[in-house]
Each structure stands twice: as structure tokens, then as C-alpha cells.
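Q: The structure's right below; bear with me while I get my questions together.
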């Protein structure tokens with residue numbers, strides 16, 4: 475199955491991305507089927523070959539969430555943007571998991587009926 479996704483290029487701490495059509499499960503360094511454009515997050519500049527991107531979407535290539543939002547913002551597809559779900563940081567998640575456990579440990583001690 476083909477996907478439209480971002481392929482990272484650039485130096486450390488200076489990311490830029492290529493918008494490519496590639497196999498959904500391919501490695502990031504694998505050669506793509508076609509290069510559709512580029513995205514630089516530091517300058518927010520986007521260049522997309524709109525006709526080729528529309529062609530691949532029409533054929534059935536599924537864009538990732540971020541690629542979908544870029545295609546919507548550039549007017550290639552006319553659908554609403556999708557919400558990007560970011561993973562929770564591990565430190566906060568561990569603290570949140572420990573807080574309910576402490577509250578449940580304190581609850582029996584406050585019960586005078588026992």
C-alpha cells in the first residue's frame with residue numbers, strides 16, 4: 475500500500491522534509507516511488523507538485539496525518555484538517571499513574587468503619 479509521507483533530510487537540529495510517495499511500511503532511508511515536494515518547518519515554507527499529489531491521492535495513496543494537513547493547507551485536497559495526536563511525555567505519564575495509586579492507598583486508612 476502506498477502512502478504520502480514526510481522523509482526527513484537535513485543536518486542535526488536543522489530538519490527539513492521531503493514529501494514523498496513510498497510504501498507504507500518502508501524504511502525512512504528507502505528510495506521513494508516519487509518526490510512530491512518539500513517542507514521546511516523552521517521557515518514554514520512548503521512546495522508541492524499539486525498535480526502529482528492529486529494524482530497519487532486519486533489513485534489511492536493514503537497520506538499520513540501531517541502530510542494530509544499539508545495537502546489541505548496547500549489546497550490539493552478539499553477535506554478538513556485532521557487532529558495530530560502527540561504522545562504524552564513519559565515522566566508526566568508515570569507521575570499521573572502513581573497519583574491515583576497513592577489516593578487509593580490512602581482511602582482505606584480514612585474509613586473508620588473497618
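Numbering (our numbering), first residue to last: 475 to 588. Even glycine gets a Cβ: it sits at the ideal position worked out from N, Cα and C. Source: prediction; values computed, not measured.
Please state if the CB of residue 522 and the CB of residue 488 are separated by a distance shorter than 8 Å.
A: Their beta carbons are not under 8 Å apart, which means residue 488 does not touch residue 522 by this criterion.
Q: In terms of alpha-carbon separation, which member of 481, 556, 486 and 526 lies closest to residue 510?
A: The shortest C-alpha separation from residue 510 is found at 526.
Q: Can you tell me whether DSSP reads residue 499 as helix, strand or coil?
A: Correct three-state label for residue 499: coil.
Q: With DSSP collapsed to three states, give me the class of residue 516.
A: It is coil, neither helix nor strand.
Q: Tell me residue 483's beta-bridge partners as DSSP assigns them.
A: Note: residue 483 sits in a beta bridge opposite 490.
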